[in-house]
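Q: First, the structure itself, so that you have it in front of you.
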Amino acid sequence: MKKEQAVKKNLDLLNEFMKYAFENPKVLENVPPEAELIILPIDDSELYEYNKKTADKMMSKGKKVVCVKMKKPEIPVPELELMSTP
Numbered sequence: 006m007k008k009e010q011a012v013k014k015n016l017d018l019l020n021e022f023m024k025y026a027f028e029n030p031k032v033l034e035n036v037p038p039e040a041e042l043i044i045l046p047i048d049d050s051e052l053y054e055y056n057k058k059t060a061d062k063m064m065s066k067g068k069k070v071v072c073v074k075m076k077k078p079e080i081p082v083p084e085l086e087l088m089s090t091p
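For the sequence shown, my numbering begins at 6 and goes up steadily by one.
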């Protein structure tokens, strides 16, 4: 996976996680201030492995890491209806 693609996907995941954390602030109590947050998308095995390797590298450098497992956000598909006067 290219770094640019991973960054975009991770930003989408982070956005969804932050929405959840805003509505459920107690979830952040489990994240130490000095920890790195890594999201492992359970429905994207390629990004899961990419992020897992990133977490492993951070831990090998002595950093605290908190992993969050979640599904990728689904992009809504709007239905458009053209309305006009008779």
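Using N, Cα and C, we set each Cβ at its ideal position, and we do this for glycine too. These numbers were taken from a predicted model, which means no experiment stands behind them.
By how many angstroms is the C-alpha of Gln-10 removed from the C-alpha of Ala-72?
A: It should be noted that the sequence gives Cys, not Ala, for residue 72. Their Cα atoms are separated by approximately 20 Å.
Q: Who are the near neighbours of Met-63 in its chain, counting only those whose CB is closer than 6 Å to its CB and skipping five residues on each side?
A: So the list reads Glu-41, Val-70, once near-sequence residues are dropped.
Q: Are there three or more Cβ pairs, one per stretch, closer than 8 Å when the stretch 19 to 36 is compared with the stretch 50 to 63?
A: Cβ pair count under 8 Å is below three, so no.
Q: Which runs of the alpha helix (DSSP H) at least 4 residues long sit entirely within the stretch 15 to 70? Give them in chain order.
A: Correct list: 50 to 65.
Q: How many Å lie between Lys-14 and Glu-86 at the Cα?
A: Roughly 30 Å between the two C-alpha positions.
Q: So, Asn-56 versus Leu-45, is the Cβ gap smaller than 8 Å?
A: Yes; because the gap between Cβ atoms is below 8 Å, this pair is in contact.
Q: Which one of Glu-84, Ser-89, Lys-74, Pro-37 has the shortest CA to CA distance from Leu-18?
A: Among Glu-84, Ser-89, Lys-74, Pro-37, the Cα nearest to that of Leu-18 belongs to Lys-74.
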